[in-house]
Amino acid sequence: MEIRVNPTRMELNRLKGRLKMAQRGHKLLKDKRDELMRKFLELIRENKELRMRVEAKLSRSFANFLLAQAVMSAETMEEAIMFPQARVELEAEEVNMMSVRVPRFIRQQQEEGTGGDVYPYGFANTSAELDTSIAALAEVLPQLIKLAEVEKAVFLLANEIDKTRRRVNALEHVLIPQLVSTIKYISMKLDENERGALVRLMKIKDIVRGDKTG
Amino acid sequence: MSMYKVAVIGDKDSILGFKSLGVATYPVTGEDELPRVLNRVTRENYAVICITENVAQHVMPQLEELNKKLLPAILLIPNNQGALGLGMEQIRRNAEKAIGADILFGKEGS
């Protein structure tokens, strides 16, 4: 497929410029795609492992929690948990990863005179299962936040790779072949015109000369 | 730099434990309650929103749309009945989108 253009020298020059630009863009985008891919592969393996660990730990914590619920009444449970000691707060940074902006979370540690105690209740009315469950949960939380960070980065990178790949393919399989064939068409046409002009000139010359001698 | 919080959405029994850690919890009981909760949560400045898989499975397209922005990061977690595998599925889909083939879970067959 060619682009419909006038076969002029000016058009030819313009198209040649565009072709050069397209080829440069194609090369750059290809490099970008490769580097994104490399980063992505690193991250996605981490993502998978982290998720497996977190899911296992969460399940364990939930199991203990279920046990705690079984041995304690719903009211005491509610009461024990109702007023948390700590608050989880995050600082979010923006990290530029190959011009994809991904977040990075930094957990803000808060000490309110609890001495790092994660239990917001006294030990008198609660069961040991609840302690285990909460301790496990507190342990998972940093990993959970890390997982959120990694998974987000993976998601954003995947989108960016998809986009970049589409662009690379569009350049490689559509725009560049189109430009090449159009350039060829114009130069053929120009050559043909030139030959036509030359032949016409020779013919005229013959006619003029024939007139003189005849 | 502003501070962000962490939220957990899910069925009450699964997420109650998170409350004791100081994470904001939003219990959801019915399916029809979910959009409203989700709306409220996304309007506040949460950096991480964890949703249990059994609740999230009804609003996957919406979650994906929300996840496209820088913040918040939406995270699927299992509930107390175990994982549905949606979180892993998400990873697999990302891999497929980026690479064009499923490289991580290929061996397990699907």
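If you read the protein sequences in the order shown, they are chains A and B.
Note that my numbering gives residue 94 to position 94 of the first sequence, counting from 1, and the numbers run on in steps of one.
Position in the second sequence (first residue = 1) + 1000 = my numbering.
Positions of the beta carbon are idealized from the N, C-alpha and C atoms, including for glycine.
Just so we're clear, the structure is a prediction, and the values are computed from it rather than from any experiment.
* To do: Leaving aside the five residues before and after B:Leu1076 along the sequence, list all residues of the same chain whose C-beta is less than 7 Å from its C-beta, in chain order.
  => Exclusion of the five residues before and after B:Leu1076 leaves Ile1051, Glu1053, Ala1056, Leu1086, Gly1087 and Gln1090 as the residues of its chain whose Cβ lies within less than 7 Å of its Cβ.
* Euclidean distance between Cα positions of A:Lys20 and A:Leu90 -> 48 Å
* To do: For B:Leu1016, collect the residues of the same chain with a Cβ closer than 6 Å to its Cβ; drop the 5 residues on either side in sequence, then sort them by chain order.
  => none
* Could you check the C-alpha separation between A:Thr182 and A:Ile3 for me, to the nearest Å? => Using only the alpha carbons, I get a separation of about 6 Å.
* To do: Give the DSSP-derived three-state secondary structure of A:Thr114 in the structure shown.
  => Low local confidence applies: a pLDDT of 49 at A:Thr114 is under 50, so the model's placement there is unreliable, and no value is given.
* Tell me the DSSP bridge mates of A:Val95? -> DSSP output for A:Val95 lists A:Val102 as bridge partner(s).
* Quick one: what does DSSP say A:Glu89 is sitting in, helix, strand or coil? -> strand
* Any idea what DSSP makes of A:Arg167, helix, strand or coil? -> helix
* In angstroms, rounded to a whole number, what distance separates the CA positions of A:Ala80 and B:Asn1039? -> 29 Å
* Asked: Could you give the distance in angstroms between the alpha-carbon of B:Gly1010 and the alpha-carbon of B:Asn1079?
  -> Going from the Cα of B:Gly1010 to the Cα of B:Asn1079 covers about 8 Å.
* Asked: Are there 16 or more other CB atoms within 10 angstroms of the CB of A:Gln108, so buried, or fewer, so exposed?
  -> exposed
* Interface residues of chain A around B:Pro1078 at Cβ under 7 Å? -> Glu55, Leu58 and Ser59
* Under 8 Å between C-beta atoms of B:Thr1042 and B:Leu1066 -> yes
* Exposure of A:Met77, with buried meaning 16 or more beta-carbon neighbours within 10 Å -> buried
* Asked: Would a check of beta-carbon distances place B:Asp1013 closer than 8 Å to chain A?
  -> yes
* Asked: So which of A:Val168, A:Arg209 and A:Lys212 has the shortest CA-CA distance to A:His26?
  -> For the set A:Val168, A:Arg209 and A:Lys212, the Cα lying nearest the Cα of A:His26 is the one of A:Val168.
* Asked: According to the neighbour-count rule (16 or more other Cβ atoms, all chains shown, within 10 Å of its Cβ), is A:Arg33 buried or exposed?
  -> When all chains shown are included, A:Arg33 counts as buried.
* Asked: Going by the CB atoms, is the gap between A:Met97 and A:Lys39 shorter than 8 Å?
  -> yes
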